[in-house]
Amino acid sequence: MDLALELTCLILEREEGFAVIRLNRPAALNALNSTMMDELSAVIPALDADPAVHAIILTGSDKAFAAGADIKEMASKTFAEAVSEDFITRNWEAVTRCRTPVIAAVAGYALGGGCELAMMCDIILAADTARFSQPEITLGIPPGAGGTQRLPRAVGKAKAMEMILTARMIGAEEAERAGLVSRVVPADKLIEEAKAVAAKLAALPPVAVQLAKELVNAAYETPLAQGIKQERRTFHAAFATEDQKEGMTAFTEKRKPAFLGK
Ligand code: CO8
9 MDLALELTCL
19 ILEREEGFAV
29 IRLNRPAALN
39 ALNSTMMDEL
49 SAVIPALDAD
59 PAVHAIILTG
69 SDKAFAAGAD
79 IKEMASKTFA
89 EAVSEDFITR
99 NWEAVTRCRT
109 PVIAAVAGYA
119 LGGGCELAMM
129 CDIILAADTA
139 RFSQPEITLG
149 IPPGAGGTQR
159 LPRAVGKAKA
169 MEMILTARMI
179 GAEEAERAGL
189 VSRVVPADKL
199 IEEAKAVAAK
209 LAALPPVAVQ
219 LAKELVNAAY
229 ETPLAQGIKQ
239 ERRTFHAAFA
249 TEDQKEGMTA
259 FTEKRKPAFL
269 GK
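Under our numbering, the first residue of the sequence shown carries the number 9, and numbering increases by one thereafter.
Right, dumping it as structure tokens:
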């Protein structure tokens, strides 16, 4: 990956088949400022375009995935500035446009924009220390980076309303019961578990992974009949890949498949 940008708010590590992005503003509990979001919106497309990267892990520190957008940076913004700068959408959509699976590995606080950023990812793994909340209402604003849309889809209207209207914070176990996270792991195993998921993704046929991700995301955008039709056609199309032949042949020959990514 050729990334000319010098990273100041992120740490990027490469491993065989996947990459790890660590949000790194520990003194501010990883509050998401514009520099961090600009860096994220440069790094994610670069990793997405790299054929050697089959999964991306997005994580923070033990204390905070991210304690929200940087309140100090946005406090004095006017309505006119927010509109003219296209505040949020300009650099907050990179994760949602990424075609490579993104795993959020969340320990500690995932608040406001931090919770929204995690919800933009495909899989959320939570440490038992994880805390999720949309506390924007206490600052005089509603959520602005997808919270009012993605949280109800994840946990249902009643819990989302309570969390968004009252800023109630939920722990990892409640988040798992509600369907916000895929599973909870001990905090000291979080990165190990996230890397195991990333390594598993890296060993799978990448075209099928990408198609499956597209289809699940389509479930949130399309009526059922249209989604089912899209799924059927995509399923048919997968029979045109060499990896489908290899996967099924390997099964019948009782051997491990050697996927080619085509
Ligand atoms: N923004 C800026 N600085 C922050 C933020 C934040 N969101 N969160 C924590 N910090 C800073 C604190 O100011 C403090 O810095 P300093 O030492 O210089 O005073 C440092 O991080 C440590 O924080 P605390 O001393 O407060 O640590 P505690 O352990 O006592 O408390 C909490 C931890 C509970 C997480 C507390 O810091 C807190 O409530 N933080 C704010 C949480 C919040 O309201 N988040 C929502 C922000 S709004 C938002 O996310 C809108 C997103 C919409 C998209 C925006 C696009 C840009």
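By construction, the Cβ of each residue, glycine as well, lies at the ideal position given by its N, Cα and C atoms. None of these values were measured; they are calculated from a predicted model.
Open item on the list: Looking only at its chain, what residues have a beta carbon closer than 6 Å to the beta carbon of Ile65, apart from the 5 residues adjacent to it on each side?
Closed with: Val28, Ile111, Ala113, Ala202 and Ala206
Task: Assigned secondary structure, Ser42 (DSSP; H/G/I helix, E/B strand, else coil) - done: helix
Task: Separation of Glu261 from Val163, as counted between CA atoms - done: 43 Å
Task: DSSP-derived helix/strand/coil call for Glu93 - done: coil
Task: Any non-hydrogen atom of the ligand CO8 closer than 7 Å to Val58 Cβ - done: For the sequence presented, residue 58 should be read as Asp rather than Val. Not under cutoff, so the answer is no.
Task: Thr67 (DSSP reduced to helix, strand or coil) - done: strand
Open item on the list: At the level of alpha carbons, what is the spacing between Leu5 and Gly122?
Closed with: Here the chain has residues from 9 to 270 only, and residue 5 is not among them.
Task: Three-way DSSP call (helix, strand, coil) for Glu200 in this model - done: Here Glu200 sits in helix by DSSP.
Task: Ser190, DSSP secondary structure in three states - done: coil
Task: Contact test: Ile96 Cβ vs the ligand CO8 heavy atom, cutoff 7 Å - done: Yes, Cβ of Ile96 sits closer than 7 Å to a heavy atom of the ligand CO8.
TODO: Give the range of the beta strand (DSSP E) segment to which Glu21 is assigned.
DONE: Leu18 to Glu23
TODO: Measuring alpha carbon to alpha carbon, tell me which of Glu239, Ala216, Val217 and Val215 ends up nearest Ala226.
DONE: Nearest to Ala226 by C-alpha distance, out of Glu239, Ala216, Val217 and Val215, is Glu239.
- [ ] Express the C-alpha separation of Pro265 and Met128 in angstroms, rounding to a whole number.
- [x] 31 Å
Open item on the list: Just checking Tyr117 against the ligand CO8 - is the residue's beta carbon closer than 7 Å to any of the ligand's heavy atoms?
Closed with: yes
- [ ] Could you name each continuous beta strand (DSSP E) segment of 3 residues or more that falls completely within the region 93 to 166, going from the start of the chain to the end?
- [x] 110 to 114, 117 to 119, 131 to 135 and 139 to 141
Open item on the list: Is there a Cβ of chain B sitting closer than 8 Å to that of Pro194, yes or no?
Closed with: The structure shown contains no chain B, having only a single protein chain.
Task: Bridge partners - Ala74, DSSP secondary structure assignment - done: Ala118
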